[in-house]
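Written out below as structure tokens is the structure these notes cover.
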Amino acid sequence: MATAFFELRGISKYFAKVIANQDVSFSIQRGEVLALLGENGAGKSTIMKILYGLYKADEGKLLKDGREIKIDSPKEAMELGISMIQQHFSLVPAHTVTDNIILGNVHGIIDHKLFREEIKRLAELYGFELNPDDFIRDLAVGVQQKVEILKALYQKTNLLIMDEPTAVLTPQEAENLMGFVRDFTAQGNSVIFITHKLKEVMSVADRIIVMRAGRVFGDIKRAETNELELSKLMIGRDLNWVTKEDRQESIDQEVRLEIQQVTLQEKTGVPALKDISLTLHKGEILGIAGVSGNGQQELCEIVCGAILPTKGKILLDGEDITERKIRARIDLGIGYVPADRSSDGMIMDMSIAENMLLKSSYAKKWQKRGFIDKQKLNQYTWQEIQDYSIKAPSPETIARGLSGGNQQKVVLAREVDNGEKVIVFDQPTRGLDLGAVNHVHQVILQERAKGKSVLLVSTELAEIFALSDRIAILYKGEIQGVFNSAELTTEKIGLLMAGFREREVKSDAG
Amino acid sequence: MINLLSRTIMMGTPLLFGALAEVIAERTGMMVTAIEGIFLMGAWAGFVGGYLSGSLIVGFLSAMLAGLLVAGLYGWICIYLKQHQVVTGVAINLLVAGLCSFLYRVIFGVPITPLTVSPLATIPIPLLSEIPLLGPILFNQTILTYIIYFLAPLSYFMLYKTSMGLTIRSAGENPEAVDVAGINVLTVRFLTVLLAGVMGGVAGAFYSIGFLGMFTTNIIGGRGWIAFAICFLGNWNPKGAVIGTLAFGFAEAIAIYMQSIGNSALFPNELFIALPYIMTIVLTISRKSFNVPAKLGVPYLKEN
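Protein sequences, first through last, are from chains A and B.
Just so you know, we're using my numbering here: the first sequence kicks off at 109 and counts up by one.
Just so you know, we're using my numbering here: the second sequence kicks off at 357 and counts up by one.
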């Protein structure tokens with residue numbers, strides 16, 4: 109084997125006393141696509157941030173072409189030809205494409221015209237459709253990612269690191285990205301991408317590094333492995349995956365929740381939701397698919413009462429609840445698991461028990477002579493901790509100290525109890541590891557089996573397909589169509605998510 | 357009327373110094389809430405330096421140094437120690453207010469008649485000052501006004517046409533983008549705050565040695581806050597700051613004019629003195645859209 113392009117040797121990194129990386133060693137060759145596979149918190153991003161100079165390693169060495177190098181800042185990484193695209197893009201929304209690309213790469217007076225031309229040429233070279241004068245805030249996420257890539261290319265990158273690059277893309281955009289990766293590496297450049305998606309790994313990577321708990325658990329050529337082996341390496345145990353066969357197919361025909369022609373006008377005049385009509389039956393899971401930011405959160409908040417629609421009606425069991433406040437809706441049995449648990453779902457500095465009480469603090473059952481009945485609350489919370497196998501020593505444990513998965517279980521436990529009739533799940537498994545994802549899915553299916561109605565919003569198509577009885581696609585605040593889940597293919601749903609209408613999809617994609 | 361407009365330009369000069377300083381710093385995400393204290397410290401140091409040395413140049417240099425020190429303290433606490441910008445600013449303003457009157461007494465005791473220096477003279481510019489109407493308004497001013505004629509367009513050019521400006525604007529919108537581009541966000545912020553300190557110091561000294569020729573403890577009287585308000589009424593843009601400054605300078609000129617003609621029968625004098633402050637409130641409420649830097653007032657925390 110030729111000398112490696114870049115090599116990491118025995119890298120360790122500690123945050124306070126937590127081990128983020130331990131004795132991590134691997135290399136990347138020129139022209140290679142390397143996948144860094146692992147669950148959330150496996151230390152994939154950390155090790156790459158060390159290579160990019162954002163973090164400093166506590167132990168270990170970095171080598172380029174066999175010679176030891178020091179990378180203390182992103183600037184030094186860039187000088188060595190390394191670029192990294194963060195999971196959350198580091199673009200300035202209020203600036204143009206050009207301004208973003210040249211930030212940090214120019215000195216003195218800026219000749220805008222010259223740079224605009226240069227960027228235009230570079231974009232054309234790689235077949236990116238980009239207008240250098242567009243403002244980032246006006247661009248779709250997929251296009252923003254192209255700007256990030258272009259920024260890296262502009263810096264004459266030879267090693268491009270991408271952190272979860274497909275998380276925000278439609279299947280078609282992801283396919284385009286993979287095409288770019290192949291072209292880019294064909295010119296002798298290298299790509300490392302961080303992911304937890306097995307499919308992607310199998311479709312584009314030459315070699316796979318599997319990480320778990322901050323360490324490398326596998327360094328395998330793609331041709332010599334399969335998805336099953338990789339998932340075992342990644343998780344370290346077997347999981348029972350939810351499959352279609354696990355579900356009873358019968359759906360009650362009785363309507364539970366009706367959303368009638370709901371429109372939500374934003375202050376800016378642009379509707380966040382446009383003329384939405386959906387019906388949710390008893391014992392049904394209705395999946396809402398779509399790229400994030402297309403009105404999902406607004407839809408959820410309209411159902412749980414956090415915002416009121418500009419037009420339209422919401423009916424629960426035939427009763428008009430459009431004007432009902434949040435608290436009234438909680439009492440009526442609508443539960444809501446918000447997408448961002450840390451800001452909307454719980455109070456991090458309070459205990460698990462107090463978080464359990466959040467949405468029913470006024471309820472008589474928690475009171476004893478005007479004070480909180482601590483004993484009863486702690487008993488109840490302890491029961492929930494057992495039922496949901498939340499890893500916490502006591503009900504008094506502060507929420508912040510729990511892992512993301514366990515925090516989510518706390519919110520889940522509370523909302524499943526609140527939502528006696530309807531439960532709204534907004535991205536219930538985002539940021540969770542596979543074990544926790546599996547648990548959340550089991551809970552959703554159990555609640556469905558009890559006859560509750562579930563509105564499931566997710567940007568993970570696999571999740572939507574695995575759980576939903578019917579699927580609605582949301583694009584720019586409009587419903588692109590509602591389908592039985594068997595009617596849809598990944599390709600078709602991808603086109604709908606990208607804004608194509610059902611008619612066009614039929615004629616274009618068959 | 358010409359006199360009034362000339363006064364507008366004159367009284368607008370220090371406000372524009374302060375407002376431009378504030379615009380540049382706020383674009384990086386730093387509200388310089390210590391601006392009132394910087395003004396006051398500048399006024400004090402300008403007077404002390406000028407009085408003791410007999411040279412206004414020394415006075416202004418002392419004011420710049422004093423402004424720099426106050427801004428440095430503020431920047432160190434807010435940027436490196438990540439403390440809250442408003443709370444820190446208020447604390448520093450209170451500190452400076454006490455410190456100035458204390459130090460003034462330590463140096464000069466309690467003089468029976470106020471100590472004075474002769475303030476900056478106006479310098480009519482040959483030819484230009486002879487232009488009818490505009491000449492006496494624009495070109496019969498002190499050296500500070502002529503400096504600001506250059507500084508205003510220069511700061512606009514710097515913010516929008518140079519790499520430095522791009523970095524400054526990006527630091528206030530998305531500091532992370534600046535960080536991954538290999539530029540130290542904290543350094544960028546600290547330097548702009550120091551610059552604001554220097555400019556603010558000059559602005560403060562205008563009131564003591566550029567205009568009144570003496571120092572009193574309430575000499576600034578909220579004008580630092582007015583510069584602060586002009587920055588956001590001007591939409592964080594030097595052009596807007598110029599327009600805002602003219603409005604406030606005019607209000608102040610009217611107040612001074614009314615005071616001088618002693619017309620207190622029709623309107624109470626206090627009303628005119630209060631005019632700039634009332635205007636601040638009215639304009640703040642009436643502004644509809646703001647172009648606030650997204651990360652204004654948010655400390656930049658980097659994990660690690």
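Ideal Cβ positions, reconstructed from N, Cα and C, are used throughout, including at glycine.
DSSP beta-bridge partners of residue i
{"i": "ASN593/B", "result": "None, per the DSSP bridge assignment."}
{"i": "THR371/A", "result": "LYS419/A"}
{"i": "LEU171/A", "result": "GLU115/A and GLU176/A"}
{"i": "ASN472/B", "result": "Correcting the residue type first, residue 472/B is Thr in the shown sequence and not Asn. Paired residue(s): none; THR472/B is not in a bridge."}
{"i": "LEU142/A", "result": "ILE300/A and ARG315/A"}
{"i": "GLN137/A", "result": "According to DSSP, which records beta bridges pairwise, GLN137/A is partnered with nothing at all."}
{"i": "SER120/A", "result": "GLU167/A"}
{"i": "ILE479/B", "result": "GLN497/B"}
Residue-level contact to chain B via CB, residue i, 7 Å cutoff
{"i": "ILE579/A", "result": "no"}
{"i": "VAL200/A", "result": "yes"}
{"i": "LYS472/A", "result": "no"}
{"i": "GLY618/A", "result": "Here the model assigns GLY618/A a pLDDT of 38, short of 50, so the residue's position is not dependable and the matter cannot be decided."}
C-beta contact flag for residue i and residue j at 7 Å
{"i": "PHE606/B", "j": "THR364/B", "result": "yes"}
{"i": "PHE495/B", "j": "ILE481/B", "result": "yes"}
{"i": "ILE302/A", "j": "SER519/B", "result": "no"}
{"i": "VAL299/A", "j": "VAL132/A", "result": "no"}
{"i": "ALA544/A", "j": "GLY509/A", "result": "no"}
{"i": "LEU268/A", "j": "SER191/A", "result": "yes"}
{"i": "THR489/A", "j": "GLY420/A", "result": "no"}
{"i": "PHE197/A", "j": "GLU256/A", "result": "yes"}
{"i": "ALA521/A", "j": "ASN463/A", "result": "no"}
{"i": "ALA150/A", "j": "ILE119/A", "result": "no"}
{"i": "PRO594/B", "j": "ALA527/B", "result": "no"}
{"i": "GLY423/B", "j": "GLY393/B", "result": "no"}
{"i": "GLY402/B", "j": "ILE565/B", "result": "yes"}
{"i": "ALA630/B", "j": "PHE395/B", "result": "no"}
{"i": "ASP271/A", "j": "SER153/A", "result": "yes"}
{"i": "LEU394/A", "j": "LEU388/A", "result": "yes"}
{"i": "GLU529/B", "j": "PRO649/B", "result": "yes"}
{"i": "GLY607/A", "j": "GLN280/A", "result": "no"}
{"i": "GLY139/A", "j": "GLY296/A", "result": "yes"}
{"i": "GLN535/A", "j": "SER561/A", "result": "no"}
Within-7 Å CB hit, residue i to chain A
{"i": "PHE539/B", "result": "This sequence places Ile at residue 539/B; Phe is not what is there. So, interface residue."}
{"i": "VAL443/B", "result": "no"}
{"i": "SER519/B", "result": "yes"}
{"i": "SER316/B", "result": "A question about residue 316/B goes unanswered here, because the residues of chain B that appear run from 357 up to 660."}
{"i": "GLU378/B", "result": "no"}
{"i": "VAL536/B", "result": "yes"}
{"i": "ASN530/B", "result": "yes"}
{"i": "LEU522/B", "result": "yes"}
{"i": "ASN660/B", "result": "The predicted position of ASN660/B is uncertain, since its pLDDT is 46 and thus under 50; a value taken from the coordinates is nonetheless stated next. Chain A contact via Cβ: present."}
{"i": "ALA533/B", "result": "yes"}
Which of helix, strand or coil DSSP assigns to residue i
{"i": "GLN295/A", "result": "coil"}
{"i": "LEU489/B", "result": "coil"}
{"i": "ALA260/A", "result": "helix"}
{"i": "SER511/A", "result": "coil"}
{"i": "ALA248/A", "result": "coil"}
{"i": "TYR160/A", "result": "coil"}
{"i": "ALA580/A", "result": "strand"}
{"i": "GLU626/B", "result": "helix"}
{"i": "GLY618/A", "result": "Because the pLDDT of GLY618/A is 38, which lies under 50, any placement of that residue in the model is unreliable, and the question is left without a value."}
{"i": "ALA150/A", "result": "coil"}
{"i": "LYS476/A", "result": "strand"}
{"i": "SER566/A", "result": "coil"}
{"i": "HIS215/A", "result": "coil"}
{"i": "SER561/A", "result": "strand"}
**Item:** Members of the region 205–217 of chain A that neighbour chain B once the beta carbon cut-off is set at 9 Å
**Value:** ASP207, ASN208, ILE210, LEU211, GLY212, ASN213, VAL214, HIS215, GLY216 and ILE217
**Asked** In chain order, what residues of the region 464–483 of chain B put their CB closer than 9 Å to some CB of chain A?
**Response** none
**Asked** Just by C-beta distance, which residues in the region 167–192 of chain A are closer than 7 Å to chain B?
**Response** Residues passing the 7 Å Cβ filter: SER181, PRO182, LYS183 and MET186.
**Asked** For the region 360–383 of chain A, which residues have a beta carbon sitting closer than 9 Å to at least one beta carbon of chain B?
**Response** Listed in sequence order: no entries.
**Request:** Output, in sequence order along the chain, the residues in the region 640–654 of chain B whose CB is closer than 9 Å to any CB in chain A.
**Result:** Listed by position, the residues of the region 640–654 of chain B near chain A (Cβ gap below 9 Å) are ASN647, PRO649 and ALA650.
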